[in-house]
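Novice:
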Amino acid sequence: MLIATLDDGRRISLVSTKFTRDQLNRLRSRERFYCPVCRSPVRLRLGNKKKWHFSHHPKDPCIVETEPESPIHLSGKEDLFQWTKVNGRMPELERYLPEIRQRPDIYLPGIRPIALEYQCSTLSEEKFRERTDGYTSLGIRPIWILGGARQKKSRFLARLSGFESQTIQFSKRSPSCHPFFSPYYVCYYYPAEKRICFAAQLHPVSKTVYIAREINQVLSAARPYQLMMPSFPFSSETFKQDWNDCKRRRRLNPPSHLAREEYWLRMQAYRLRINYSSFPSFVGLPHRDYIHFSLSPCLWQMWIYIIMTHGPADGWFTADMLMQTGKIGENETVFVRRPLPLCPRRSGAEVIRTYLGQLVKLGAADRRGDTYRLRSARRTGESAVDQLLKQDRLVLDLLEHEPDQ
Ligand SMILES: [Zn+2]
1266 MLIATLDDGR RISLVSTKFT RDQLNRLRSR ERFYCPVCRS PVRLRLGNKK
1316 KWHFSHHPKD PCIVETEPES PIHLSGKEDL FQWTKVNGRM PELERYLPEI
1366 RQRPDIYLPG IRPIALEYQC STLSEEKFRE RTDGYTSLGI RPIWILGGAR
1416 QKKSRFLARL SGFESQTIQF SKRSPSCHPF FSPYYVCYYY PAEKRICFAA
1466 QLHPVSKTVY IAREINQVLS AARPYQLMMP SFPFSSETFK QDWNDCKRRR
1516 RLNPPSHLAR EEYWLRMQAY RLRINYSSFP SFVGLPHRDY IHFSLSPCLW
1566 QMWIYIIMTH GPADGWFTAD MLMQTGKIGE NETVFVRRPL PLCPRRSGAE
1616 VIRTYLGQLV KLGAADRRGD TYRLRSARRT GESAVDQLLK QDRLVLDLLE
1666 HEPDQ
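First residue of the sequence shown: 1266, per this note's numbering; consecutive thereafter.
Structure, rendered in structure tokens:
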């Protein structure tokens, strides 16, 4: 914590640099400090390694559940506080919200108040959900900025595990209505470099891995509204290359360890004598909304292909009918949702309908009202791998240039 109260009720904040170590030492010998939330005594820590702060005695923890604050968390919190202040947002540090017993790192008042959480430590998904729901129940919009050390990336891929994927936000300020543009992003902050980093334009390629564009911004040059409505340049050529790179890998190098869902899917294909790795090019198409399904688009679209080619004889399906299929276990389906509590909702059927629309656009399916059928020419026919790889590139070009039907 960076704030405590004194015996006489005055608040003391360590955020500004107005205190010297000597002054604080003198204050410490003279005064007692209390937690503004639970009123228990707290200690003033004036170490050399960490930023100066107050802390509860380990035997006497706060009623507000918090994680221990690392040096990075403390200095990041202070940076973000100063930054929002300089930008006229009248931030309140560590404001306690008694109704929900939560204390966001930074509270920004307004018509729609904002709770900024700078999250460096790991949270369970349940805890994350609880805190997010707490804020939402008070009409507060939570924004989670992840500690820089949490950022995991290799080339154009970003990994978001556990609660991290739930911090994904949706930017309404998306100038591009390009079919492959994605308004989904997560936000990191690096206090040592005073740098905000967006992993933006997220397209999932597995449960935890996404194609992402990294966009960096010096904190002083950024504005707080950009945390909610960033706008990013988009290159369709780069995206198509990256997407097909992932798809090619899926065709040529089956993963050594199969997730349960993929194993199940391969079994279904095997039983029906479908060659799994030579799936048609219209399996594994990208769209911004496919982030709402947890499985890779290649997998759930593979299932749609299987069910539409080997389902009932007349072969006409609605999105809702497809949504009812693909049960893997008790409560699991191929269409398992990715929890995105900070993003606008999409129903599973809506997402499937988008995919069926893409199939029509590619001439792979016919549409009659709400029902869709795969064209028979597309049902069979296995092609050589290099043929398929060429097709993979072609379908993206087609999706990009053909008008919607
Ligand atoms: Zn306390």
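Idealized CB from N, CA, C, for every residue including glycine.
Per DSSP, what are the beta-bridge partners of ASN1481 in this structure?
Specialist: The residue given as residue 1481 occupies position 216 in the sequence shown. For ASN1481, which the question treats as bridged, DSSP gives the partners CYS1462.
Novice: In chain order, what are the residues with a CB under 5 Å from some non-hydrogen atom of ligand 1?
Specialist: Spelled out in chain order, the answer is CYS1300, VAL1302, CYS1303 and CYS1327.
Novice: Do the stretch 1517-1533 and the stretch 1424-1431 meet, that is, are 3 or more Cβ pairs less than 8 Å apart?
Specialist: Because the criterion of three Cβ pairs below 8 Å is not met, the stretch 1517-1533 and the stretch 1424-1431 do not touch.
Novice: Any idea if ASP1635 is buried or exposed, counting beta-carbon neighbours within 10 angstroms, 16 or more meaning buried?
Specialist: Residue numbering aside, residue 1635 sits at position 370 when the sequence shown is read from its first letter. Classification for ASP1635: exposed.
Novice: Mapping DSSP to helix, strand and coil, what is LEU1279?
Specialist: One-based indexing of the sequence shown puts residue 1279 at position 14. In the structure shown, LEU1279 sits in coil (DSSP, three-state: anything other than H, G, I, E or B).
Novice: Determine the contact status of PRO1356 and ALA1380, defining contact as a CB-CB distance below 8 Å.
Specialist: Indexing the sequence shown from 1 puts residue 1356 at position 91. Indexing the sequence shown from 1 puts residue 1380 at position 115. No, the Cβ-Cβ distance between PRO1356 and ALA1380 is not below 8 Å.
Novice: With DSSP collapsed to three states, give me the class of PRO1448.
Specialist: Taking the first residue of the sequence shown as position 1, residue 1448 is located at position 183. It is coil, neither helix nor strand.
Novice: Would a C-beta distance cut-off of 8 Å place CYS1563 and ARG1515 closer than the cut-off?
Specialist: Locating residue 1563 in the sequence shown gives position 298, counting from the first residue. Locating residue 1515 in the sequence shown gives position 250, counting from the first residue. Cβ distance < 8 Å, so CYS1563 and ARG1515 count as in contact.
Novice: Just grab the DSSP bridge partners of LYS1592 for me.
Specialist: Stepping through the sequence shown from its first residue, residue 1592 is reached at position 327. According to DSSP, which records beta bridges pairwise, LYS1592 is partnered with THR1598.
Novice: Below 8 Å on the Cβ atoms is my contact criterion, and I expect LEU1550 with VAL1660 to pass it. Report the Cβ-Cβ distance as a whole number of Å.
Specialist: Taking the first residue of the sequence shown as 1, we reach residue 1550 at position 285. Taking the first residue of the sequence shown as 1, we reach residue 1660 at position 395. Between VAL1660 and LEU1550 the Cβ distance is about 7 Å, and since that is below 8 Å, they are a contact.
Novice: Compare the Cα-Cα distances from TRP1508 to each of ILE1405, ALA1486 and SER1471 and report the closest residue.
Specialist: Start at 1 with the first residue of the sequence shown, and residue 1508 comes out as number 243. For the residues ILE1405, ALA1486 and SER1471, the minimum Cα distance to TRP1508 belongs to SER1471.
Novice: For a quick check, are the C-beta atoms of ILE1277 and GLU1359 less than 8 Å apart?
Specialist: Along the sequence shown, one-based indexing puts residue 1277 at 12. Along the sequence shown, one-based indexing puts residue 1359 at 94. No.
Novice: Per the DSSP calculation, ALA1423 is bridged to which residue(s)?
Specialist: Counting from one through the sequence shown, the residue named residue 1423 turns up at place 158. The partner list for ALA1423 (beta bridge, DSSP) reads LYS1418 and TYR1475.
Novice: Grouping DSSP H, G and I as helix and E and B as strand, with all else coil, what is GLU1390?
Specialist: Here residue 1390 refers to the residue found at position 125 of the sequence shown. Residue state, collapsed to three classes: helix.
Novice: At the level of alpha carbons, what is the spacing between GLY1341 and TYR1383?
Specialist: On the sequence shown, position 76 is the one that residue 1341 refers to. On the sequence shown, position 118 is the one that residue 1383 refers to. Their Cα atoms are separated by approximately 7 Å.
Novice: Specify the secondary structure class of ALA1524 as computed by DSSP and reduced to three states.
Specialist: The count along the sequence shown starts at 1 and reaches residue 1524 at position 259. DSSP places ALA1524 in coil when its eight states are reduced to three.
Novice: Go ahead and label TYR1490 buried or exposed: buried means 16 or more other beta carbons lie within 10 angstroms of its beta carbon, across all protein chains shown.
Specialist: Within the sequence shown, residue 1490 is the residue found at index 225, counting from 1. It is exposed - the Cβ of TYR1490 has fewer than 16 other Cβ atoms within 10 Å.
Novice: Among residues of its own chain, excluding the 5 on either side of CYS1303, which ones have a beta-carbon nearer than 6 Å to its beta-carbon?
Specialist: Mapped onto the sequence shown, residue 1303 falls at position 38. Cβ neighbours of CYS1303 beyond the five flanking positions: CYS1327 and ILE1328.
Novice: For SER1387 and TYR1637, what's the separation of their Cα atoms in angstroms?
Specialist: Position 122 of the sequence shown, counted from the first residue, corresponds to residue 1387. Position 372 of the sequence shown, counted from the first residue, corresponds to residue 1637. Here the sequence assigns Thr to residue 1387, which means Ser is not the residue at that position. When rounded, the distance between both Cα atoms is 44 Å.
Novice: Can you tell me the Cα-Cα spacing of THR1645 and HIS1575, whole angstroms?
Specialist: Within the sequence shown, residue 1645 is the residue found at index 380, counting from 1. Within the sequence shown, residue 1575 is the residue found at index 310, counting from 1. Residue confidence is low: THR1645 scores 48 on pLDDT, short of 50, so the model does not pin down where it sits. Its coordinate-derived value is still stated next. Going by the C-alpha atoms only, they are around 11 Å apart.
Novice: What is the DSSP secondary structure of LEU1653, counted as helix, strand or coil?
Specialist: Counting from 1 along the sequence shown, the entry for residue 1653 is found at position 388. Of the three classes helix, strand and coil, the one that applies to LEU1653 here is helix, per DSSP.
Novice: Shortest alpha-carbon distance to ILE1405 belongs to which of HIS1322, ASN1540 and LEU1362?
Specialist: Mapped onto the sequence shown, residue 1405 falls at position 140. Answer by Cα proximity: LEU1362.
Novice: From ASP1662 to TYR1450, what does the alpha carbon distance come to, in whole angstroms?
Specialist: Numbered from 1 along the sequence shown, position 397 holds the residue referred to as residue 1662. Numbered from 1 along the sequence shown, position 185 holds the residue referred to as residue 1450. So the alpha carbons of these two residues sit roughly 24 Å apart.
Novice: Please report the residue range of the alpha helix (DSSP H) in which TYR1620 lies.
Specialist: As a first step, residue 1620 is located in the sequence shown; it is residue number 355 there, counting from the start. Where TYR1620 is concerned, the enclosing alpha helix (DSSP H) stretches over 1613-1626.
Novice: Quick one: residues in its chain with C-beta nearer than 7 Å to the C-beta of GLY1427, no 5 flanking neighbours on either side, listed in chain order?
Specialist: For the purposes of this step, residue 1427 is identified with residue 162 of the sequence shown, where counting begins at 1. Cβ neighbours of GLY1427 beyond the five flanking positions: THR1387 and GLU1390.
Novice: CA-CA distance, GLY1413 and ARG1310?
Specialist: Within the sequence shown, the letter at position 148 stands for residue 1413. Within the sequence shown, the letter at position 45 stands for residue 1310. Looking at the two C-alpha atoms, the distance is approximately 25 Å.
Novice: Taking the alpha helix (DSSP H) that GLU1343 falls in, what are its first and last residues?
Specialist: Mapped onto the sequence shown, residue 1343 falls at position 78. That run of the alpha helix (DSSP H) goes 1336-1351.
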